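According to our numbering, the sequence shown is numbered sequentially starting from 106. Glycine included, every Cβ here is placed at the ideal spot set by N, Cα and C. Just so we're clear, the structure is a prediction, and the values are computed from it rather than from any experiment. The block underneath contains the structure these notes are about, expressed in structure tokens.
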Amino acid sequence: MVLLEFSMSPLNKGESVSQYVARSLEIIDASGLDYRLHAMGTIIEGEIDQVLDVLRKCFDAMAADCDRVTCTAKLDFRRGHSGRLESKVAGVEQRLGRKLKT
């Protein structure tokens, strides 16, 4: 399983791009993969082909009506492990002995 963290936005649509981000979230949600939206991007968990397919669909949807698109993506692969969207945070909380804001 991999975690894919990415941020994608158009560069030619002004300062507020939430409508474009919302389209990506529709694609991500429809994929059925586990994900977390945060203030600076989204993290998706799944098999490598699944998460890259979602990334490609998000790009295609944005590029359909945006002349310039920027995307930053980061992958974290760990063989034999799943549920890391929760377990990575839980591990840090356990070491601290308290819950964190997530």
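With a contact defined as Cβ atoms closer than 8 Å, methionine 113 and serine 187 miss out at about 25 Å. Secondary structure note for aspartate 172: it is in no beta strand (DSSP E), with a DSSP letter that is neither H nor E. Counting the other CB atoms within 10 Å of its CB gives leucine 116 a total below 16, which places it among the exposed residues.
Note on the stretch 122-147: whole alpha helix (DSSP H) runs with a minimum of 4 residues are 123-135, in chain order. Here the alpha carbons of leucine 180 and glycine 202 stand approximately 28 Å from one another.
Annotation for glutamate 110: the continuous beta strand (DSSP E) segment containing it runs 107-115.
Ranked by Cα distance from threonine 147, the first of Lys206, Lys193, Leu109, Thr207 is Leu109.
About 13 Å separates the beta carbons of glutamate 150 and leucine 142, which is beyond the 8 Å limit, so they are not a contact pair. Less than 7 Å separates the beta-carbon of isoleucine 133 from that of tyrosine 140.
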